[in-house]
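A.B. asks: Residue numbers for the sequence shown, in the UniProt record's numbering: 1 to 377.
Heads up, the beta-carbon is just placed ideally off N, CA and C, and yes, glycines get one too.
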Amino acid sequence: MSSASSTNLLPDSLLLNGREFRYADIQQYPATAPADLNGYEARVLDFVRQWLNGAQEFMLPTSGSTGPPQLVEFRRAQLEASARRTGNYFDLGPGERLLVCLNCEYIGGLMMLVRGLERRMHLTIVEPQANPLALVPPTALFDFAAFVPLQMQAMLAAGHAPRLNQLRAMLVGGAPVDYRLAEQIGALTVPVYLTYGMTETASHIALRRLNGPDAGPAYRVLPGIAVGQDARGCLTVRADVTNEELITTNDHISLAPDGQTFEWLGRVDFIINSGGVKVPAEKVEQVLEVALVELDLNRRAFVAGLPDERLGQRVTALLEGPPLPATQLQQLRKLLTQRLGQYEVPREFVFVPEFQTTASGKLDRGATLRMSEAVDE
């Protein structure tokens, strides 16, 4: 526990968008609610009210990044187990300060709330936006926080690295960390962990260090989580956070013999079948990402298999923003041709003005693909 925060009194209130709400009043919500609450604030306070009053069941939506959003039912004990596991791992204690800037209507942000409430931490909650540190006073100090990569990019671009380095530790998750951001995170002194998890596992069940001497490609499974592989080589999870039910994912992994660490290889449902050749879309995306950085093209991109009369599916790269000049596109093709197999090189480049995202801030591939079709018409 940090010495600066350990002397603080235990909290009897939280801060939400800069306003203080006492827990005793929240328990009587909505009778005690101010008239000018916005919708997000009302939903956050309603969850806190349910938690403080001992609610035992909760319904949460999945992110919708790989399919239509679905509701998942949780028992209170599952959320408590997840909060306890993370709290123990990072030694989060009473009186420490937690910044909650993820969307609390989804598992990532909601579990930050639960961790703060269960560990009796000071909660500062701000409505999700690209640069959450812009919403809190420059003098505000925090011990622990979690961000999505988009927020990390915005905060670092705004020069907030010194403020981030004052944290004891922080999490990054909800979307892949690209090559350029990984380099910037590597320069931070605060321990940064990439999370692996999903709604069905009540947030993360494994962590990968992104900076410092312990950085590496493997995720370390948190204590008490049993993982394995199915016949496809995909990750399976069973633990108290899944209510002891077996969760089978579509994430292809390489599992170490000790069963405690694994490397993520990609999603089996992101395989493109092009002319009978199976092309892993995420492998192509990683190479494309590095090539864009080397050419100093600050663009988001992803790879998909679009329908093709002859091949069945053709490997297609979708790039955010206006079309590249012919010379830059030629340079990009050349780099990809040098680094990818013959059938892995994108046959087409589609430019989309702006990628679509889900309500939880993740890339919505399906909606972006539909937009690209509209752009092409």
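Less than 8 angstroms between the CB atoms is what I'm expecting for Q153 and L194, so what's the real figure, rounded?
C.D. replies: As a working mapping, residue 153 is identified with position 153 in the sequence shown. As a working mapping, residue 194 is identified with position 194 in the sequence shown. In fact, because the Cβ distance is near 14 angstroms, the residues do not count as touching under 8 angstroms.
A.B. asks: Skipping 5 residues on each side, what residues in its chain have a beta carbon closer than 7 angstroms to that of V190?
C.D. replies: Counting from 1 along the sequence shown, the entry for residue 190 is found at position 190. Once the five neighbours on either side are set aside, the close Cβ partners of V190 are L164, N165, L167, A169 and M170.
A.B. asks: Ends of the beta strand (DSSP E) at Y23?
C.D. replies: By one-based count along the sequence shown, residue 23 stands at place 23. Where Y23 is concerned, there is no enclosing beta strand (DSSP E), although the alpha helix (DSSP H) it sits in stretches over Y23 to I26.
A.B. asks: With distances taken from CA atoms, which of I271, T199 and G266 is nearest L60?
C.D. replies: In the sequence shown, residue 60 corresponds to position 60, counting from 1. It is T199 whose Cα lies nearest to the Cα of L60.
A.B. asks: Leaving out five residues on either side along the sequence, give the residues of the same chain with a beta carbon under 6 angstroms from the beta carbon of G312.
C.D. replies: Locating residue 312 in the sequence shown gives position 312, where the first residue counts as 1. Result list for G312: N273, in chain order.
A.B. asks: Here's a check: name, in chain order, each residue in its chain whose Cβ is nearer than 7 angstroms to the Cβ of D230, leaving out the five neighbours to either side.
C.D. replies: If you number the sequence shown from 1, residue 230 lands on position 230. Hits under 7 angstroms: T236 and T248.
A.B. asks: Within its chain, find whatever has a CB closer than 8 angstroms to the CB of S372; leave out the 5 residues flanking it on each side and keep chain order.
C.D. replies: In the sequence shown, residue 372 corresponds to position 372, counting from 1. Within the same chain, S372 has close Cβ partners L318, V350 and V352.
A.B. asks: Any heavy atom of the ligand FAD closer than 8 angstroms to the Cβ of D25?
C.D. replies: With respect to small molecules bound, the structure shown includes none, and the ligand FAD cannot be examined in it.
A.B. asks: Excluding the 5 residues flanking L210 on each side, which residues of the same chain have their C-beta closer than 6 angstroms to its C-beta?
C.D. replies: Numbered from its first residue, the sequence shown carries residue 210 at position 210. I185, V192 and L194.
A.B. asks: Is the CB-CB distance between L150 and M111 below 9 angstroms?
C.D. replies: Taking the first residue of the sequence shown as 1, we reach residue 150 at position 150. Taking the first residue of the sequence shown as 1, we reach residue 111 at position 111. In this structure, M111 does not lie closer than 9 angstroms to L150 by Cβ.
A.B. asks: DSSP state of P162, grouped into three classes?
C.D. replies: Stepping through the sequence shown from its first residue, residue 162 is reached at position 162. DSSP places P162 in helix when its eight states are reduced to three.
A.B. asks: CB-CB under 7 angstroms to L336, same chain, minus the five flanking residues each way: which ones, in chain order?
C.D. replies: Counted from its first residue, the sequence shown places residue 336 at position 336. Contacts found: V287, L288, A291, V345 and P346.
A.B. asks: Can you give me the Cβ contacts of G233 inside the same chain, cut-off strictly under 6 angstroms, excluding the 5 residues immediately before and after it?
C.D. replies: As a position in the sequence shown, residue 233 is number 233, starting the count at 1. Within the same chain, G233 has close Cβ partners H252.
A.B. asks: Got a sec? Which residues, its chain only, sit under 7 angstroms from L92 by beta carbon, not counting five neighbours each side?
C.D. replies: Counted from its first residue, the sequence shown places residue 92 at position 92. Closer than 7 angstroms at Cβ, skipping near neighbours: R115, R119, M121 and F144.
A.B. asks: Would you call the CB atoms of E320 and R299 closer than 9 angstroms?
C.D. replies: Taking the sequence shown and counting its residues from 1, one reaches residue 320 at position 320. Taking the sequence shown and counting its residues from 1, one reaches residue 299 at position 299. Cβ atoms of E320 and R299: closer than 9 angstroms.
A.B. asks: For the alpha helix (DSSP H) that Q121 lies in, which residues bound it at each end?
C.D. replies: Translated into positions along the sequence shown, residue 121 becomes position 121. Correcting the residue identity first, residue 121 is Met in this sequence and not Gln. Note, M121: premise wrong, no alpha helix (DSSP H); not H, not E.
A.B. asks: Around the C-beta of N53, are 16 or more other C-beta atoms found within 10 angstroms, so that it is buried, or is it exposed?
C.D. replies: The count along the sequence shown starts at 1 and reaches residue 53 at position 53. Exposed, since its Cβ has fewer than 16 Cβ neighbours within 10 Å.
A.B. asks: With burial defined as no fewer than 16 other Cβ atoms inside 10 Å of the residue's Cβ, what is the status of N88: buried or exposed?
C.D. replies: If you number the sequence shown from 1, residue 88 lands on position 88. N88 is exposed by the Cβ-count criterion.
A.B. asks: Between the region 322 to 337 and the region 258 to 266, can you find at least three pairs of beta-carbon atoms closer than 8 angstroms?
C.D. replies: They do not touch, by the three-pair rule.
A.B. asks: Buried or exposed, going by whether 16 or more other CB atoms sit within 10 Å of the CB of N103?
C.D. replies: As a first step, residue 103 must be located in the sequence shown, where it is residue number 103. Result: buried.
A.B. asks: I need the boundaries of the alpha helix (DSSP H) containing N243, first residue and last residue.
C.D. replies: Along the sequence shown, read from residue 1 onward, the residue named residue 243 stands at position 243. From DSSP, N243 is part of no alpha helix (DSSP H); its letter is neither H nor E.
A.B. asks: To the nearest angstrom, how far is the alpha carbon of N243 from that of L123?
C.D. replies: Here residue 243 corresponds to residue number 243 of the sequence shown, with the count starting at 1. Here residue 123 corresponds to residue number 123 of the sequence shown, with the count starting at 1. Their backbone Cα atoms lie some 27 angstroms apart in a straight line.
A.B. asks: Restricting to runs no shorter than 3 residues, where is the beta strand (DSSP E) found entirely within the UniProt domain "AMP-binding enzyme C-terminal" (288 to 362)?
C.D. replies: DSSP runs (the beta strand (DSSP E)) wholly in the UniProt domain "AMP-binding enzyme C-terminal" (288 to 362): 301 to 308, 312 to 320 and 348 to 352.
A.B. asks: Determine the extent of the beta strand (DSSP E) in which G228 is found, giving its start and end residues.
C.D. replies: Position 228 of the sequence shown holds residue 228. Taken as a continuous stretch (DSSP letters only), the beta strand (DSSP E) holding G228 covers A226 to Q229.
A.B. asks: In angstroms, rounded to a whole number, what distance separates the CA positions of F90 and Q28?
C.D. replies: Along the sequence shown, one-based indexing puts residue 90 at 90. Along the sequence shown, one-based indexing puts residue 28 at 28. C-alpha separation (whole angstroms): 32 angstroms.
A.B. asks: DSSP three-state call for A35: helix, strand or coil?
C.D. replies: Stepping through the sequence shown from its first residue, residue 35 is reached at position 35. DSSP places A35 in coil when its eight states are reduced to three.
A.B. asks: Looking at the structure shown, is F74 part of a helix, part of a strand, or coil, going by DSSP?
C.D. replies: One-based indexing of the sequence shown puts residue 74 at position 74. Strand at F74.
A.B. asks: Answer with buried or exposed for S254, where buried requires no fewer than 16 other C-beta atoms within 10 angstroms of its C-beta.
C.D. replies: Here residue 254 corresponds to residue number 254 of the sequence shown, with the count starting at 1. So S254 counts as exposed.
A.B. asks: What does a CB cutoff of less than 7 angstroms around Q356 pick up in its chain, not counting 5 residues either side in sequence?
C.D. replies: The residue given as residue 356 occupies position 356 in the sequence shown. Closer than 7 angstroms at Cβ, skipping near neighbours: D364, A367, T368 and M371.
A.B. asks: Quick check on L15: buried or exposed, where buried means 16 or more other Cβ atoms within 10 Å of its Cβ?
C.D. replies: In the sequence shown, residue 15 corresponds to position 15, counting from 1. Buried, by the Cβ-count rule.
A.B. asks: Taking 9 angstroms as the cut-off, decide whether the C-beta atoms of S203 and G108 are in contact.
C.D. replies: In the sequence shown, residue 203 corresponds to position 203, counting from 1. In the sequence shown, residue 108 corresponds to position 108, counting from 1. Result yes, Cβ atoms of S203 and G108 sit closer than 9 angstroms.
A.B. asks: The beta strand (DSSP E) that contains R168, what's its start and end?
C.D. replies: As a first step, residue 168 is located in the sequence shown; it is residue number 168 there, counting from the start. That residue, R168, is in no beta strand (DSSP E); it is neither H nor E in DSSP.
A.B. asks: Considering only their Cβ atoms, is the gap separating A218 from A175 smaller than 9 angstroms?
C.D. replies: Counting from 1 along the sequence shown, the entry for residue 175 is found at position 175. Counting from 1 along the sequence shown, the entry for residue 218 is found at position 218. No, the pair does not count as a contact, with Cβ atoms beyond the cut-off.
A.B. asks: If you count every other CB in all the chains shown that lies within 10 Å of the CB of A134, and 16 or more means buried, which is it?
C.D. replies: Counting from one through the sequence shown, the residue named residue 134 turns up at place 134. So A134 ends up on the exposed side.
A.B. asks: Would a C-beta distance cut-off of 9 angstroms place I225 and R85 closer than the cut-off?
C.D. replies: Position 225 of the sequence shown holds residue 225. Position 85 of the sequence shown holds residue 85. Cβ distance < 9 angstroms, so I225 and R85 count as in contact.
A.B. asks: Do you know whose CA, among L207, L295, V279 and L45, lies nearest V303's CA?
C.D. replies: As a working note, residue 303 is residue 303 in the sequence shown. That would be V279, whose Cα lies nearest to the Cα of V303.
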